[in-house]
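Inspection log for the structure reproduced underneath, given as structure tokens.
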Amino acid sequence: MRKVRTIKALCDYLQKIDCPIGRTTISKLIKENEIPHMRISGRVIIFDLDEVDAWLGGNI
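Under our numbering, the letters of the sequence shown match residues 2 to 61, in that order.
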């Protein structure tokens, strides 16, 4: 399972796969519970890149 731990790391990954989404947009998607993520604590969020890839496949 491929994981990243920060919004910046997720932004970097999305940029690398030619699907740039900004930090503000990702924060909004997290708040609206629209992007797959796991909140470990108040400020720690983990993104499973396999789940993000599947989410992108259904939302593009």
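Beta carbons: idealized from backbone N, C-alpha and C, even for Gly.
Keep in mind the model is a prediction, meaning the values are calculated, not measured.
| Item | Value |
| --- | --- |
| Beta-carbon spacing of Ile47, Arg3 below 7 Å | no |
| Entirely enclosed alpha helix (DSSP H) segments - the segment 9 to 48, minimum 4 residues | 24 to 32 |
| Ile1 vs Ile36 beta-carbon contact at 7 Å | What is shown of the chain runs 2 to 61, which leaves residue 1 out entirely. |
| Check: Asn34 C-beta below 6 Å from any heavy atom of the ligand PLP | No copy of the ligand PLP occurs in the structure displayed, which carries no ligand at all. |
| Cross-strand partners of Val5 (DSSP beta bridge) | Phe48 |
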